[in-house]
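Listed in order, the protein sequences are those of chains A and B.
Be aware that the first sequence starts at 0, since it is given in numbering that gives the first Met the number 0, and climbs by one per residue.
Be aware that the second sequence starts at 0, since it is given in numbering that gives the first Met the number 0, and climbs by one per residue.
We put the beta carbon where it would ideally sit given N, CA and C, even for glycine.
Every value quoted in this text rests on a predicted model; they were computed, and no experiment measured them.
Number of protein chains: 2
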Amino acid sequence: MNAAASRVLTRSTEDYLKAIYSLGGDAELPVQTAAIADTLGVAAPSVSGMLRRLAEAGFLEHIPYRGVRLTDDGRRAALRMVRRHRVLECYLTSELGYDWDSVHDEAERLEHAVSDDLIDRMAHVLGNPPYDPHGAPIPTPGGEVEELKHVPLADLEVGQWAELRMVSDKDPERLRFLKSVGLDVGTRFQVVARQPFNGPVTICVAGGQPQPLGNELARSLGCAAREPEGAA
Amino acid sequence: MNAAASRVLTRSTEDYLKAIYSLGGDAELPVQTAAIADTLGVAAPSVSGMLRRLAEAGFLEHIPYRGVRLTDDGRRAALRMVRRHRVLECYLTSELGYDWDSVHDEAERLEHAVSDDLIDRMAHVLGNPPYDPHGAPIPTPGGEVEELKHVPLADLEVGQWAELRMVSDKDPERLRFLKSVGLDVGTRFQVVARQPFNGPVTICVAGGQPQPLGNELARSLGCAAREPEGAA
DNA sequence: CTTCATATTTAGGGCCACCTAATTATTGGT
DNA sequence: ACCAATAATTAGGTGGCCCTAAATATGAAG
Numbered sequence: 000m001n002a003a004a005s006r007v008l009t010r011s012t013e014d015y016l017k018a019i020y021s022l023g024g025d026a027e028l029p030v031q032t033a034a035i036a037d038t039l040g041v042a043a044p045s046v047s048g049m050l051r052r053l054a055e056a057g058f059l060e061h062i063p064y065r066g067v068r069l070t071d072d073g074r075r076a077a078l079r080m081v082r083r084h085r086v087l088e089c090y091l092t093s094e095l096g097y098d099w100d101s102v103h104d105e106a107e108r109l110e111h112a113v114s115d116d117l118i119d120r121m122a123h124v125l126g127n128p129p130y131d132p133h134g135a136p137i138p139t140p141g142g143e144v145e146e147l148k149h150v151p152l153a154d155l156e157v158g159q160w161a162e163l164r165m166v167s168d169k170d171p172e173r174l175r176f177l178k179s180v181g182l183d184v185g186t187r188f189q190v191v192a193r194q195p196f197n198g199p200v201t202i203c204v205a206g207g208q209p210q211p212l213g214n215e216l217a218r219s220l221g222c223a224a225r226e227p228e229g230a231a
Numbered sequence: 000m001n002a003a004a005s006r007v008l009t010r011s012t013e014d015y016l017k018a019i020y021s022l023g024g025d026a027e028l029p030v031q032t033a034a035i036a037d038t039l040g041v042a043a044p045s046v047s048g049m050l051r052r053l054a055e056a057g058f059l060e061h062i063p064y065r066g067v068r069l070t071d072d073g074r075r076a077a078l079r080m081v082r083r084h085r086v087l088e089c090y091l092t093s094e095l096g097y098d099w100d101s102v103h104d105e106a107e108r109l110e111h112a113v114s115d116d117l118i119d120r121m122a123h124v125l126g127n128p129p130y131d132p133h134g135a136p137i138p139t140p141g142g143e144v145e146e147l148k149h150v151p152l153a154d155l156e157v158g159q160w161a162e163l164r165m166v167s168d169k170d171p172e173r174l175r176f177l178k179s180v181g182l183d184v185g186t187r188f189q190v191v192a193r194q195p196f197n198g199p200v201t202i203c204v205a206g207g208q209p210q211p212l213g214n215e216l217a218r219s220l221g222c223a224a225r226e227p228e229g230a231a
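So this is what it looks like as structure tokens:
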């Protein structure tokens, strides 16, 4: 009945909605024009124009000079794209031999072209996996997502054991580096040192050499505390 | 070095090149504007405009008021799309449970979004099949296609045994009908009757009831003569 | 409370790909 | 050889989405 439901989304609108969703925002801090422009690599005035159209179509509320917040329709549309992207990443990795560092770009293009039916078939073939290869949760067809409460690796205490649970899929370099030092989703490790002043965190993957990780990288890694290796 | 090689193709140009390729044409009878417009479902003036751009980009030669012929670059680009489409049809059918009547639309959208790498991976997983589910030959990555010399079912003699080799993938209705009467790519049958004045052709699939087929349908089915059932 | 840096929006333009209406070229019949 | 029917092109316009430059709103600091 609403405008949003009847509107057929273009590639561009899909990208905007996904970007706005991923930037989060709440009643206090709506998502700002500049952040969207930066994420999508377009100029700010282009964003202004698109926000007007998306607001008219009912996908978001726009408070001029302050920012935007997705409506329920907008969130639904965004989560549909997130589901597509993550199912595609799973499928391409499991069935077609892609690495976790090369899968993002392919999924980014395909997510605009696949049907919901195809996505569901892919998910079905894989046994409806709950997470993508980077540990990100896959929304259900109905638009539900698990809220994950991970601790940034940078915030773990020295001596603590933990497991890597989630990594951003955006930067292939970073992903290749992580693989090269033995870090994957599910890898257990112990924090063995932490320098102050946002210095590096040093960890030890079970049975490996100490490995220092820069603070910026360490802040981008979502972890969960775990029992020490070998314990019950 | 040429314009064509440096140009990044848009969705639309890909569709035009594919349509022009599929319409064939030769030195005598170049592909005409109206035929392209009809195939793509756009107005003739839209085609005129696009032909000018494609000719400038080096994909085709345009003789005003007569028609167009693809250049080598144009043919290469078109065959790349044909390969994509047919590999996708194979993959979706073999690995994701699509039927031969539902696979066309999905492939039509995906062919613009997949990378060459993904297509080659799909083909590899399937063991590089030579034909798609409708019997159409799959071009190589280098742009070679097998030329098939099929006989329209409508042209077979009464009494003759033959095998269905190729069907158009465009019309789902037609494909569902063929399945329903037991006709698939590879099915052997015998022509048992033929009415004059473009009347129906009646065939018998091994061990089945006589089945009349309308002339228009029978003309669209590519067949190959075969030894009688049971013979060496 | 004014002022200045920063963020955002408006103004004005371009390209792509489509449309309809009007014009022009080609061709087959007389 | 001409004329009507048909096919193709040009003319002129639209919407989507992008851009730069200019104008305007916000908010923090003096």
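- Can you tell me whether DSSP reads residue 152/B as helix, strand or coil? Position 153 of the second sequence holds residue 152/B. Residue state, collapsed to three classes: helix.
- Query: Taking the alpha carbon of residue 171/A as the point to measure from, which residue in 142/A, 187/A, 153/A and 132/A has its own alpha carbon closest?
  - Reply: Here residue 171/A corresponds to residue number 172 of the first sequence, with the count starting at 1. Comparing Cα positions, the closest option is 132/A.
- Where residue 105/B sits in the DSSP three-state scheme: Against the second sequence, residue 105/B aligns to sequence position 106. Residue state, collapsed to three classes: helix.
- Task: Determine the direct distance from the alpha carbon of residue 35/B to that of residue 19/B, and round the result to whole angstroms.
- Result: Position 20 of the second sequence, counted from the start, is the residue given in the question as residue 19/B. Position 36 of the second sequence, counted from the start, is the residue given in the question as residue 35/B. Straight-line Cα distance between these residues: approximately 7 Å.
- Message: I'd like to know whether the C-beta atoms of residue 224/B and residue 135/B end up nearer to each other than 7 Å.
- Response: In the second sequence, the residue the question calls residue 224/B occupies position 225. In the second sequence, the residue the question calls residue 135/B occupies position 136. Their beta carbons are not under 7 Å apart, which means residue 224/B does not touch residue 135/B by this criterion.
- Is it the case that the Cβ atoms of residue 222/B and residue 149/B are separated by a distance below 7 Å? The count along the second sequence starts at 1 and reaches residue 222/B at position 223. The count along the second sequence starts at 1 and reaches residue 149/B at position 150. Their beta carbons are under 7 Å apart, which means residue 222/B touches residue 149/B by this criterion.
- Pull up the distance between the alpha-carbon of residue 15/B and that of residue 39/B, whole angstroms please. For this step, residue 15/B is matched to residue 16 along the second sequence. For this step, residue 39/B is matched to residue 40 along the second sequence. Here the alpha carbons of residue 39/B and residue 15/B stand approximately 8 Å from one another.
- Close Cβ partners of residue 214/A (< 8 Å) along its chain, the five nearest in sequence each way excluded: Locating residue 214/A in the first sequence gives position 215, counting from the first residue. So the qualifying residues of the chain are 153, 197, 198, 199 and 200.
- In the DSSP assignment, find the unbroken alpha helix (DSSP H) run with residue 118/B in it and report its ends. In the second sequence, residue 118/B corresponds to position 119, counting from 1. Where residue 118/B is concerned, the enclosing alpha helix (DSSP H) stretches over 115 to 124.
- Using the Cα positions of residue 115/A and residue 189/A, report the straight-line distance between them to the nearest angstrom. The residue given as residue 115/A occupies position 116 in the first sequence. The residue given as residue 189/A occupies position 190 in the first sequence. If I take the Cα positions, the gap works out to 41 Å.
- For residue 157/A versus residue 193/A, is the C-beta spacing smaller than 7 Å? If you number the first sequence from 1, residue 157/A lands on position 158. If you number the first sequence from 1, residue 193/A lands on position 194. Contact: yes.
- Cβ shell of residue 107/A (< 8 Å), same chain only, five flanking positions each side left out: Locating residue 107/A in the first sequence gives position 108, counting from the first residue. Cβ neighbours of residue 107/A beyond the five flanking positions: 84.
- Task: Output the boundary residues of the alpha helix (DSSP H) element that contains residue 44/A.
- Result: Within the first sequence, the letter at position 45 stands for residue 44/A. Where residue 44/A is concerned, the enclosing alpha helix (DSSP H) stretches over 43 to 55.
- Task: Determine, using beta carbons only, whether residue 142/A and residue 78/A come nearer to each other than 7 Å.
- Result: One-based indexing of the first sequence puts residue 142/A at position 143. One-based indexing of the first sequence puts residue 78/A at position 79. Contact: yes.
- Mind listing which residues of the region 111 to 125 of chain A have their C-beta closer than 9 Å to chain B's C-betas, in chain order? 111, 112, 113, 114, 116, 117, 120, 121, 123 and 124
- Message: When you compare the CB of residue 74/B with every CB in chain A, is at least one pair closer than 7 Å?
- Response: Here residue 74/B refers to the residue found at position 75 of the second sequence. Not closer than 7 Å to any Cβ of chain A, the Cβ of residue 74/B fails to qualify, so no.
- Message: For residue 42/B and residue 51/B, I'd like the C-alpha separation in whole angstroms.
- Response: Mapped onto the second sequence, residue 42/B falls at position 43. Mapped onto the second sequence, residue 51/B falls at position 52. So the two alpha carbons sit approximately 15 Å from each other.
- For residue 73/B, which of 63/B, 53/B and 173/B has the nearest alpha-carbon? In the second sequence, residue 73/B corresponds to position 74, counting from 1. Ranking the options by Cα distance to residue 73/B, first place goes to 53/B.
- Query: Going by beta carbon distance, what residues of the same chain come within less than 8 Å of residue 227/A, once the five residues before and after it are set aside?
  - Reply: Your numbering for residue 227/A matches position 228 in the first sequence. Counting only Cβ-Cβ distances below 8 Å, and skipping sequence neighbours, we find 160 and 189.
- Identify, in the order they occur along the chain, each residue of the same chain with its Cβ nearer than 7 Å to the Cβ of residue 232/A, setting aside the five sequence neighbours on each side. Missing from the structure shown is residue 232/A; chain A here goes from 0 to 231 and no further.
- Task: Can you grab the Cα-Cα spacing for the pair residue 87/B / residue 99/B, in whole Å?
- Result: Mapped onto the second sequence, residue 87/B falls at position 88. Mapped onto the second sequence, residue 99/B falls at position 100. Taking the straight line from one Cα to the other gives about 12 Å.
- Name, going along the chain, the residues of the region 36 to 66 of chain B whose beta-carbon falls closer than 8 Å to a beta-carbon of chain A. The region 36 to 66 of chain B vs chain A, Cβ under 8 Å: nothing.
- At a cut-off of 6 Å, is residue 165/A close to the ligand GDP when judged by its beta-carbon and the heavy atoms of the ligand? Here there are no bound small molecules, and the ligand GDP is not part of this structure.
- Compare the C-beta of residue 175/B with all C-beta atoms of chain A and state if any pair is closer than 7 Å. Residue mapping note: residue 175/B aligns to position 176 of the second sequence, counting from 1. Cβ-Cβ to chain A under 7 Å: no for residue 175/B.
- Query: Can you tell me whether DSSP reads residue 60/B as helix, strand or coil?
  - Reply: In the second sequence, counting from the first residue as 1, residue 60/B sits at position 61. Looking at residue 60/B - three-state DSSP - the assignment turns out to be strand.
- Item | Among 94/B, 60/B, 93/B and 67/B, nearest to residue 33/B - alpha-carbon criterion | The sequence position of residue 33/B within the second sequence is 34, counting from 1. Nearest C-alpha to residue 33/B: 67/B.
- Item | Below-7 Å beta-carbon distance, residue 108/B vs any chain A residue | Position 109 of the second sequence holds residue 108/B. True, the Cβ-Cβ gap to chain A drops below 7 Å.
- If residue 29/B and residue 65/B are in contact, beta carbons under 8 Å, what's the gap, nearest whole angstrom? In the second sequence, counting from the first residue as 1, residue 29/B sits at position 30. In the second sequence, counting from the first residue as 1, residue 65/B sits at position 66. Right, their Cβ atoms sit about 6 Å apart.
- Own chain partners of residue 151/B with C-beta closer than 8 Å, once the 5 adjacent residues on each side are dropped: Stepping through the second sequence from its first residue, residue 151/B is reached at position 152. Only 217, 218, 219, 220, 221 and 222 meet the Cβ criterion.
- Do you know whose CA, among 10/B, 80/B, 206/B and 62/B, lies nearest residue 25/B's CA? On the second sequence, residue 25/B is found 26 positions in, with the first residue counted as 1. It is 62/B whose Cα lies nearest to the Cα of residue 25/B.
- Task: Under 7 Å between beta-carbons, which chain B residues line up against residue 96/A? List them in chain order, please.
- Result: Within the first sequence, residue 96/A is the residue found at index 97, counting from 1. Under the 7 Å cutoff, chain B gives 120.
- Task: Whole angstroms is fine: what's the gap from residue 95/B's alpha carbon to residue 119/A's?
- Result: For the purposes of this step, residue 95/B is taken as the residue at position 96 of the second sequence. For the purposes of this step, residue 119/A is taken as the residue at position 120 of the first sequence. One alpha carbon belongs to residue 95/B, the other to residue 119/A, and they sit about 10 Å apart.
- Message: Using the three-state DSSP reduction, which class does residue 26/B fall into: helix, strand or coil?
- Response: To locate residue 26/B, count along the second sequence from 1; it is residue 27. If DSSP states are grouped into helix, strand and coil, residue 26/B belongs with coil.
- One or two residues paired with residue 165/A in a DSSP bridge: For the purposes of this step, residue 165/A is taken as the residue at position 166 of the first sequence. According to DSSP, which records beta bridges pairwise, residue 165/A is partnered with 221/A.
- Any chain A beta carbon closer than 7 Å to residue 88/B: Stepping through the second sequence from its first residue, residue 88/B is reached at position 89. Output row for residue 88/B: interface = no.
- Query: With a CB to CB cut of under 7 Å and the five nearest residues on each side skipped, what residues in its chain are close to residue 93/A?
  - Reply: As a position in the first sequence, residue 93/A is number 94, starting the count at 1. So the list reads 125, once near-sequence residues are dropped.
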